[in-house]
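Residue numbers (our numbering), protein chains in the order written: chain C, 95 to 678; chain F, 95 to 678.
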């Protein structure tokens, strides 16, 4: 809905094209109505494709959608910043920076949790709707009464716009226009976020959204063409239109621009809900890192939200927040996922047509039963699939050099990554499988414990006490850099060592880790079968990073060095030294 | 010695100044001869100041020297690149990049160890000496025979050089000239690197070095003034002189420039030996992170070498490898450490004058005994101290705006950091002291072991086996995201759990760490006095970073979360899954 605002940049003869887009929107709305009711627990392209077409189409849809969610954030926020820049041209050079700050702001709101973000985003939405409908209404009234003149001081035409009026302009208008259609997928994907009855509410929302989007698209495009607004990076069409309708940049102009900016920035929020949700789904199926499937302490998918923000910000910086540079990347993915989702639905109706009346087929995502209207429904979804597929192919071919190649390259790469991750998880699982497993070995292995000591102090004695809890076979090890200290240490040990064996390792060259590793490796070669060695490291623990830098993390170094050595466990026993201020 | 090459940039009336510098060099050589013989095991300014003047002057000297070693690397390498750029002006724009690559190259040689770097650096040194003396010799011969004309196409005068011929030019020549004197300190600091008899060899080296340096300085400056060479960022004076002497840029020109470049880059090597050595000394006294005092597996101070390279590279990038911008930073530190070192030596002779004949005073660094020539020696070192102090003050005042302020700001900051580090170590040591310590508590605490399981597989069973080795009180814990799995897991546990108690924690919101933390915290509040809790985490271990990213490091997260909780130990039991290729 919101991206419609950015979708009217191509003015020349755009109005008929907008009508075509609205027709496409109608087809999509109808076919997604069916998806919503068939998948009451959420039917995004990934799920629909997975359940009806198989793994590979699902992964393609997943890759396309994840890319598009990222682009949604980049494009929406960049469009929002373009509005600000229209009102305050001095900010033009800082647009990428402003956009990144906005992305970070939305990220923080989303990391705080769903509830707060609902409230935060509702007010601007209504504010925008009031402002934009008022502006469009006044504009149409002035148009009818003949008082609406042409735009004053329009920005300079871009060179691009002077291209011959054929394929290029059609594509430009089409591509920008279609970005407004992604909200359709968002609703279908996010059904679970609606109140019960979910499918019904989601369906009503979908129709309302399509209605608002369609009427705004038509009204704004008609008005913009009438006043002779010019697509430009410096000033948005909305800005040109609004200042023409209100005869200048007064309070109503600023309010409309503010509302538009807010709503565009908030539009990114759709992606902040959808990207983590979809990546959790994909991760749960084992095609993305498992961490993405778990929620953090604020009950949000923190990993997903953070990843989305970082990648979107990088894109904004890379494309300098230029909407016209980002949009070509966008359209293919949307239509690819539309096509897959609609094909999946069509296939589903075809399957339901095979069933007998009353028969039920329980599948992963939903229950399938015979529907006597299956042929008509298949036709609607099939029409959607064909229409979106045609649009996608047109984009892929004609916008290839404008950025579409990036997406055509990126999607197979992403799918390959999904597969690589999946095959890794499967490999690990098969290696860890308990089939043909004889059990973890006998229960009475020898347990040898080594305690490396940097000195004899409270911290190391605590570690020693812990070590003695683990086994009776404890050896303390000290690296002796200065031979003069040997005797002093021995005396101290006699008092505090509590009878534990102390080994001193000479280190004439002031090395620390190497003598210890040599000693451990020697023990490893000499050890008996079933003997387990535990290294208990006294570790200074600090809460400030600079204090951390002053103490060697011996346990981490040993863990890294002995990573692939079986039969050895590294434990650190922390000793905590209170801060100076508490002491005084 | 080497920096002499960069030290002739100010031509105007520089020759008398060079004579003044040579006189200063003579004073320094004489007074450092005394230091070398008084401190046969290494007498850098830090040690001399520490042993004779106290902690604070020692730290000031240490800060000044460490800063200067870093600047030595930046300045020497930048000067070397300036020679290359003189021969190949097309490379001018890439000079900072070339310089950083060179620093990294020297770093790698030094990280490989001392022996290799000795060989690597000896050949270029002799090559340079042959080339530069040959060039100077031919130049002087042509001068005498009257065939040495003026320099052809000299680079444009800098605006700076057109300033009135007073304080400014004197300072410029002086500052650049004195950078050549830092080798004196380097020898004194690095005595231990010489063969036995060390003091004698070091002393001989010092005199040879001063002789070579002095004669080269005089000859090159005289020739450069005679031919009218011009100081410039684009072409070095050496390059102008050499191409005039050889009538063009033939093979001898290139060989001389190559030798000069190599020797300048190698000059940085002095700092690569001295910086880590000095920082190890300071670290050993507890004023820098302890890690700097230990050697790595190649028997070099890896931390010190790496830190030096990084900071020097940053400086090169910051000052765009401009020698004339870096040099003003340099001189103050050198002369500050000279002054402190010479004052310390003077004070030392004064003390020795207080002793009776034959009496000995054993001090930290060296043995002090009565020396009947103490008054003369005190005079020599005192003269050195006064001369260097005067030079330092002139620099600090007159070059303040040119960069000296950075050093005047940096030195106190560094000294404060030294103190902060020292006070941290002292605080920790006092907290860990065994004085008034009642011992680490009784020997029969209860030991409770918790094993969080993500699933029942070979890895988790290994961890369970290890856990049972530690204690009889073992509880396995599973986070239940999907309640449907509870029964399946329970059945699997009955087969493989070996009688261990299994607790399932519900996590309806797909959280993972939080329910586990809640459970552990509950146990912590319920635990009896003296009860120790160990969490044994089965941890997937991988050698490739991308595989690592696919597995949650639960142990690390728990360790971070429970960092400051006493009485709990986190252990990870690694399970290693072999690579696919080994499997097939």
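Every residue, glycine too, gets a C-beta built ideally from N, C-alpha and C.
Residue 226 (chain C): contacting residues in chain F (beta-carbon distance under 8 angstroms): On the first chain, residue 226 (chain C) is found 132 positions in, with the first residue counted as 1. By Cβ distance, chain F contributes nothing, its closest Cβ being about 37 angstroms from residue 226 (chain C), past 8 angstroms.
Residue 604 (chain F) in three-state terms, based on DSSP: As a position in the second chain, residue 604 (chain F) is number 510, starting the count at 1. Here residue 604 (chain F) sits in coil by DSSP.
Pull up the CB-CB distance for residue 197 (chain C) and residue 410 (chain C), whole angstroms please, since I reckon it's below 8 angstroms. Your numbering for residue 197 (chain C) matches position 103 in the first chain. Your numbering for residue 410 (chain C) matches position 316 in the first chain. Yes, residue 197 (chain C) and residue 410 (chain C) are in contact; Cβ-Cβ is about 7 angstroms, under 8 angstroms.
Check whether the Cβ of residue 252 (chain C) lies closer than 8 angstroms to any Cβ atom in chain F. Within the first chain, residue 252 (chain C) is the residue found at index 158, counting from 1. In this prediction, residue 252 (chain C) has a pLDDT of 49, which is less than 50 and means its spatial position is unreliable; what the coordinates show is noted afterwards. So no, residue 252 (chain C) is outside the interface.
Given a limit of 7 angstroms on CB to CB distance, which residues of the segment 567-595 of chain C reach chain F? 590
So, using beta-carbon positions, are residue 545 (chain F) and residue 558 (chain F) closer together than 8 angstroms? Numbered from 1 along the second chain, position 451 holds the residue referred to as residue 545 (chain F). Numbered from 1 along the second chain, position 464 holds the residue referred to as residue 558 (chain F). Yes; because the gap between Cβ atoms is below 8 angstroms, this pair is in contact.
Proximal residues to residue 358 (chain F) (C-beta, below 6 angstroms), its chain only, five neighbours per side dropped: Sequence index remark: in the second chain, residue 358 (chain F) carries index 264 (1-based). Hits under 6 angstroms: 96, 170, 173 and 174.
Here's a check: name, in chain order, each residue in its chain whose Cβ is nearer than 6 angstroms to the Cβ of residue 330 (chain F), leaving out the five neighbours to either side. The sequence position of residue 330 (chain F) within the second chain is 236, counting from 1. The residues are 176, 177 and 180.
Neighbour flag for residue 375 (chain C) against chain F, beta carbons, 8 angstroms: By 1-based counting over the first chain, the position of residue 375 (chain C) is 281. False, the Cβ-Cβ gap to chain F never drops below 8 angstroms.
Please list the terminal residues of the continuous beta strand (DSSP E) segment that includes residue 635 (chain F). Stepping through the second chain from its first residue, residue 635 (chain F) is reached at position 541. It spans 626-635 - the beta strand (DSSP E) in which residue 635 (chain F) sits, taken as one unbroken run.
Go through the segment 332-390 of chain C residue by residue and report every complete run of the alpha helix (DSSP H) that reaches 4 residues or more, in order. 345-378
Have a look at residue 184 (chain F) and residue 328 (chain F) and give me their C-alpha separation to the nearest angstrom. Working through the second chain from its first residue, we reach residue 184 (chain F) at position 90. Working through the second chain from its first residue, we reach residue 328 (chain F) at position 234. Cα to Cα, the separation comes out at about 10 angstroms.
Residues in its own chain within less than 6 angstroms of residue 337 (chain C) by CB, not counting five upstream and five downstream? In the first chain, residue 337 (chain C) corresponds to position 243, counting from 1. These residues qualify, in order along the chain: 343 and 347.
My output table needs one value for residue 570 (chain C): the three-state DSSP class, helix, strand or coil. One-based indexing of the first chain puts residue 570 (chain C) at position 476. Reduced to three states, the DSSP call for residue 570 (chain C) is strand.
Using a Cβ-Cβ cut-off of less than 7 angstroms, give me the residues of the segment 591-623 of chain C that come near chain F, in sequence order. 603, 604, 605, 606 and 608
Start-to-end residues for the beta strand (DSSP E) that takes in residue 669 (chain F): In the second chain, counting from the first residue as 1, residue 669 (chain F) sits at position 575. 662-670 is the span of the beta strand (DSSP E), which, as asked, contains residue 669 (chain F).
Can you name the residues of chain F whose CB is closer than 9 angstroms to the CB of residue 642 (chain C)? Translated into positions along the first chain, residue 642 (chain C) becomes position 548. Near residue 642 (chain C) there are no residues of chain F at all, since even the closest Cβ is about 10 angstroms away, more than 9 angstroms.
In this structure, what does DSSP give as the bridge partners for residue 454 (chain C)? Reading the first chain from its first residue, position 360 is the one you call residue 454 (chain C). In DSSP, residue 454 (chain C) forms a bridge with C:463.
Minimum length 4: unbroken alpha helix (DSSP H) runs contained in the segment 394-422 of chain C: 396-412
Below 8 angstroms between beta carbons: does that hold for residue 142 (chain C) and residue 161 (chain C)? Mapped onto the first chain, residue 142 (chain C) falls at position 48. Mapped onto the first chain, residue 161 (chain C) falls at position 67. Against a cut-off of 8 angstroms, the Cβ pair of residue 161 (chain C) and residue 142 (chain C) comes out as no contact.
Any beta carbon of chain F sitting closer than 8 angstroms to that of residue 255 (chain C)? Within the first chain, numbered from 1, the residue matching residue 255 (chain C) stands at position 161. Here residue 255 (chain C) scores only 42 on pLDDT, less than 50, and its place in the model is too uncertain to base an answer on.
Do you know whose CA, among F:417, F:232 and F:584, lies nearest residue 335 (chain F)'s CA? Stepping through the second chain from its first residue, residue 335 (chain F) is reached at position 241. For residue 335 (chain F), the nearest C-alpha among the options comes from F:232.
Who pairs with residue 597 (chain F) in a beta bridge, going by DSSP? In the second chain, counting from the first residue as 1, residue 597 (chain F) sits at position 503. According to DSSP, which records beta bridges pairwise, residue 597 (chain F) is partnered with F:571.
In terms of DSSP beta bridges, what is residue 238 (chain C) paired with? Residue 238 (chain C) sits at position 144 when you count from the first residue of the first chain. Beta-bridge pairing links residue 238 (chain C) to no other residue.
Proximal residues to residue 450 (chain C) (C-beta, below 7 angstroms), its chain only, five neighbours per side dropped: For the purposes of this step, residue 450 (chain C) is taken as residue 356 along the first chain, with counting starting at 1. Cβ neighbours of residue 450 (chain C) beyond the five flanking positions: 464.
Contact list for residue 657 (chain C) against chain F, beta-carbon separation under 9 angstroms: Residue 657 (chain C) sits at position 563 when you count from the first residue of the first chain. 635, 636, 637, 668 and 670, listed in chain order.
Can you give the beta carbon distance from residue 248 (chain C) to residue 323 (chain C), rounded, assuming they're within the 8 angstroms contact cut? As a first step, residue 248 (chain C) is located in the first chain; it is residue number 154 there, counting from the start. As a first step, residue 323 (chain C) is located in the first chain; it is residue number 229 there, counting from the start. Yes, they are in contact, since the Cβ atoms of residue 248 (chain C) and residue 323 (chain C) sit about 7 angstroms apart, within 8 angstroms.
Beta strand (DSSP E) containing residue 545 (chain C): first to last residue? In the first chain, counting from the first residue as 1, residue 545 (chain C) sits at position 451. Here the beta strand (DSSP E) through residue 545 (chain C) covers 541-547.
Could you name the residues of the segment 490-518 of chain F whose beta carbon sits closer than 9 angstroms to any beta carbon of chain C, in the order they occur along the chain? 514, 515, 517 and 518
When the cut-off is 8 angstroms and only beta carbons count, does residue 688 (chain C) lie next to chain F? Missing from the structure shown is residue 688 (chain C); chain C here goes from 95 to 678 and no further.
Exposure label - residue 589 (chain C); buried when at least 16 CB within 10 Å: Position 495 of the first chain, counted from the start, is the residue given in the question as residue 589 (chain C). Exposed, because fewer than 16 other Cβ atoms sit within 10 Å of the Cβ of residue 589 (chain C).
With 8 angstroms as the threshold, decide whether the Cβ of residue 426 (chain F) is near any Cβ in chain D. Absent from the structure: chain D. Protein chains present are C and F.
Report all residues from its chain with a CB closer than 6 angstroms to the CB of residue 370 (chain F); omit the five preceding and five following residues, and keep chain order. For the purposes of this step, residue 370 (chain F) is taken as residue 276 along the second chain, with counting starting at 1. If we look at residue 370 (chain F) and ignore the five residues flanking it on each side, its Cβ neighbours are 395, 398 and 399.
Which of the three DSSP states is assigned to residue 191 (chain F) in this structure? As a first step, residue 191 (chain F) must be located in the second chain, where it is residue number 97. Helix.
Whether residue 423 (chain F) touches residue 497 (chain F) by CB criterion (8 angstroms): As a position in the second chain, residue 423 (chain F) is number 329, starting the count at 1. As a position in the second chain, residue 497 (chain F) is number 403, starting the count at 1. Contact: yes.
What residues in its chain sit with their C-beta under 8 angstroms from that of residue 154 (chain C), if we drop five residues either side in the sequence? What you label residue 154 (chain C) is simply residue 60 of the first chain in a count that begins at 1. Within the same chain, residue 154 (chain C) has close Cβ partners 143, 430, 434, 505 and 509.
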